[in-house]
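Residue numbers (my numbering): 87 to 258. A virtual CB, placed ideally from N, CA and C, is assigned to each residue, including glycine. To keep things clear, I will list the structure first and then write my remarks on it.
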């Protein structure tokens with residue numbers, strides 16, 4: 087808000103949606119309770135995994151873009167690998183948790199954090215753009231940032247996420 091990137095016509099709607107989303111996210115985090123903090127990739131999505139084909143030296147996955155590495159709950163590095171409808175996400179999540187548990191037990195209580203973490207990422211993305219707006223390449227690559235349409239989309243997503251956080255979490 088301090089950078090005046092949020093148009094005045096969207097400010098009250100965004101603030102309301104943001105506050106509601108953060109209140110629900112906080113309630114979900116509190117309901118989960120303490121989680122074990124692990125070192126994480128922090129931006130673990132399919133675009134940050136390169137694969138060397140079987141039969142070649144170094145075959146398998148290679149994780150890139152480690153500048154967002156951080157500590158957090160295990161589910162933080164799994165949820166961005168999910169895509170599609172709920173049934174697809176459940177199937178993907180089952181496979182991810184099975185693979186995870188080849189190395190260590192997965193704390194299933196953390197599954198309730200998927201939607202709150204997604205919500206925090208949405209907010210963080212806008213903050214990331216605002217923090218870097220002084221870099222001349224950002225206005226060129228993100229010309230829509232700061233427009234009423236962009237912020238209306240953010241309000242809509244926050245409202246959708248507020249609903250999603252109140253639904254039953256995915257289970258594996």
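{"Item": "Go to residue 146, then tell me how far its beta strand (DSSP E) extends in each direction, as first and last residue.", "Value": "146-149"}
{"Item": "With respect to the beta strand (DSSP E) encompassing residue 203, which residues constitute its N-terminal and C-terminal limits?", "Value": "Segment 200-217 is the alpha helix (DSSP H) holding residue 203; no beta strand (DSSP E) there."}
{"Item": "If you compare alpha carbons, which of 198, 173, 161 is closest to residue 183?", "Value": "161"}
{"Item": "According to DSSP, simplified to helix, strand and coil, what is residue 248?", "Value": "helix"}
{"Item": "In the stretch 103-149, which residue ranges form an unbroken beta strand (DSSP E) of at least 3 residues, counting only runs that do not cross its ends?", "Value": "124-126, 135-138, 146-149"}
{"Item": "So, does the stretch 97-106 touch the stretch 129-139, judging by three or more C-beta pairs under 8 Å?", "Value": "no"}
{"Item": "So, helix, strand or coil for residue 169, using DSSP?", "Value": "coil"}
{"Item": "From residue 225 to residue 148, what does the alpha carbon distance come to, in whole angstroms?", "Value": "31 Å"}
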